[in-house]
Structure formats: C-alpha cells, structure tokens
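Residue numbers (the working numbering): 11 to 416. Glycine included, each C-beta is placed from N, C-alpha and C at the ideal position. Fair warning: this is a prediction, and the values are worked out from it, not measured in the lab. The next block holds one structure in the form of structure tokens; read it before the comments.
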C-alpha cells in the first residue's frame, strides 16, 4: 500500500465539475485562526497545541485605466499555540507604466498592536469572525444590502486605516462576487507521521482531515471591484489615489505551520483585463512532505467564474522560460514565464517588469522570524512583477509573484 505524510486538495479537471465549493455565504469569509487558538470546523478539528499559524486576508487591485496596481493585506500570526498573537498591515503600490513607476513604488509594513477580532453577533455563528478592529484600523465583511437588485456581488469588504505617524490613510470598500475553495474546505494537510492507505480510502482521509493540525488553506474571490481613497506621504510629497470601480481579487490564505515547512517555492498570477480575470496559486512542498506540486487556478469572463481547476503533481502549469541569477541570494528568478492551463488556455509573459524584491523573513512578525531563523539554509525571497500581458488576445495587467523559500 502507498504511504504519504501530505494529503492535498482534490484534483478538479475541467470541464468536469465538482470537488469544489462555491463561496457565496458571509460565514465563509470568517477568519480561520481565531484569537483563542481553535476553531469549530467540520473539515478540521484543531486542538490547542504549540503549532504556529499565519492567516492573511489580501485584496489585490488593478486600475486598468491609470496603470496603478497594488494590494492591501492584513496578516494575523498565532505563534507557539498563542504564546505570541498579533496583526500586521502590509501595503504595496506599483505601476507597470515606466513614466509614473517611481511615483508609485511604495512598500510599507506596520505592526497593529491594538487589533482584535470582531465576533459575529449571531448565536448560531459563535465561531465566525467577520472582521478585526483597532483604534485606527479595521477590516470587516458585511452583506451587500443591494443583493436583491445586484446579484453579481453578495459581500462588501470595508478597509479603513489611519496611521498618523506613518502618514497613511486608506478608506476603501470592495464589492465581492462568488468565490471558491477546492475540496475539502480549501485545505491540504501535513501529517506528523506517514499513513498507509488504499486508493478507495483516500477520499475518506481527505474529507475527515482529523490526521493533523497542520494545513494549508486557500479561498479565492476573483471577481469584484473597489472604490475609495488612499493617501500616503512619500518624503515631502503627498500621494493621493482615487479608486473608482477598480477590479479586485480577494484571497484568504492560512499556513498552519511555519513558512519554511509549508512549501519550498510558490508561484502566483493575477491577471485583469476588460473581459477576463485569471488567477493561479501554485506551491511545491518541501522534501519532508514529498516535493508535491499543488496548483489552483480560475478563469472568469466578465464577473462570472467559467473555469476552475486544480492539479496535483501533474505537469506544472508555471514554466520559467528565461531566468536571471540573483547574485546576492543565488536564486534563479524568472524574466519570462509561460502558463499552460489544463483547459488549453495559455499565457506567456516576456520581459517581466520587477517591481519588488524582498526578504520574506524581514517582513514577517519577529516571533515568526525568530522561529524560522533557527532552521539552517533558509533564504526566502519574493520577486514581484507587474506588466501588461495578453489572455485570449486581449491586453490587460498581470501581477506575478515568484517566491523561493528553501
């Protein structure tokens, strides 16, 4: 019988349907690593332990008219079973237009010391956390009051940030349409011990998820738009950005173990054009967990999800066709990338425009950083790109990330 210590998500091979859940309920958007260290979930029963978990809620935005793109991310860390708990705001702005690129090169990280989860007021949803709030920062989900007349968007995401000492103000509302999670519950599980199983019992193991407290989870909401205002002081200059019906992609991600244990590398794509949205998340587990490649992707036409796919250890979707060597880190980062999706769609991005290169450990909360730094030979770096690209013959803007951990 085969044995493994990594149980991935299901494979979803278009045009076949199933093995994924449509995200269209407000409770689906709850934070999954609550402040008391456990959650109530049919897919995963978490007990109090010394495990470390990181959850991020990230909103990517792409203004197709101005060329300004970026993301706003709230990161929550739960380290050593709750010995350290805290929030962090990551904020990035960039542009693929060279004539304004310098004006929009912004990358800031802020520790949010006074943030707390906001629990659902509903008695039937005791473990649902639809927001987090501090004195100057809040992020929260609410139902779209216009749902009956506007069926495209069922949830609103409000982000309000005021950090006077850092001169950052964000007031933004996003309107989000249906999303998805690959079964079971968007999670892949990392086991402490290998288990033996027959093929006909694999589905039961995946569904139960009771074999480990360590997991990777992704929830995707590819379709929506945002409106709002951002102010940021860059030196002596005040930068003001007004966002009007700007397309967005929202992603909730949980790493139920240290980053250097969860994966050895990542690839990410967010493409937006007038007609299409393409998302892809791909990671390769460490040798300890079998060096398994997990790929999740989606294609939307207009505001409708038309194709969802996932694959495990098949031919990789992401191929680096040309690379350069980072002399400082030794990583071979891509300069040309090709994407081959299972439904036959392809994308190729040449002469990639790097807008960010940073040390991941340097951006993580200190408690997570110290735990990871005890592992030798860890040099995690993320290379981020923004440029024009084409999908099905239509030009748009692509955000690409290549991350190397170990």
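Whether residue i touches residue j by CB criterion (8 Å)
| i | j | result |
| --- | --- | --- |
| residue 36 | residue 165 | yes |
| residue 70 | residue 280 | yes |
| residue 323 | residue 347 | no |
| residue 173 | residue 120 | yes |
| residue 198 | residue 19 | yes |
| residue 169 | residue 82 | yes |
Residue i - DSSP class collapsed to helix/strand/coil
| i | result |
| --- | --- |
| residue 429 | Because the chain in this structure spans residues 11 to 416, residue 429 falls outside the shown range and cannot be described. |
| residue 368 | strand |
| residue 351 | coil |
| residue 74 | coil |
| residue 121 | strand |
| residue 99 | strand |
| residue 20 | coil |
| residue 109 | coil |
| residue 247 | strand |
| residue 262 | strand |
| residue 297 | helix |
| residue 313 | coil |
| residue 206 | strand |
Per DSSP, the bridge partner or partners of residue i
| i | result |
| --- | --- |
| residue 153 | 165 |
| residue 252 | 239 |
| residue 344 | 333 |
| residue 289 | 280 and 308 |
| residue 327 | According to DSSP, which records beta bridges pairwise, residue 327 is partnered with nothing at all. |
| residue 319 | 307 |
| residue 411 | 278 and 394 |
| residue 142 | 127 and 149 |
Of the listed residues the options, nearest to residue i (C-alpha basis)
| i | options | result |
| --- | --- | --- |
| residue 163 | 172, 153 and 170 | 153 |
| residue 352 | 227, 360, 306 and 371 | 306 |
| residue 196 | 292, 187 and 230 | 230 |
| residue 255 | 272, 234 and 244 | 234 |
| residue 130 | 67, 40, 109 and 371 | 40 |
| residue 300 | 258, 319, 274 and 362 | 274 |
| residue 288 | 121, 363 and 402 | 402 |
| residue 286 | 366, 272, 261 and 314 | 314 |
| residue 260 | 149, 119 and 245 | 149 |
| residue 414 | 339, 359, 127 and 398 | 339 |
| residue 191 | 264, 181, 252 and 253 | 264 |
| residue 188 | 201, 142 and 317 | 317 |
Straight-line Cα distance separating residue j from residue i
| i | j | result |
| --- | --- | --- |
| residue 277 | residue 64 | 18 Å |
| residue 48 | residue 84 | Only weak support exists for where residue 48 lies, its pLDDT of 41 falling under 50; the coordinates are left without a value. |
| residue 349 | residue 267 | 28 Å |
| residue 96 | residue 243 | 26 Å |
| residue 238 | residue 67 | 18 Å |
| residue 271 | residue 295 | 8 Å |
| residue 335 | residue 396 | 19 Å |
| residue 247 | residue 117 | 16 Å |
| residue 22 | residue 293 | 16 Å |
Test: residue i CB closer than 8 Å to a CB of chain B
| i | result |
| --- | --- |
| residue 276 | No chain B is present in this structure, which holds just one protein chain. |
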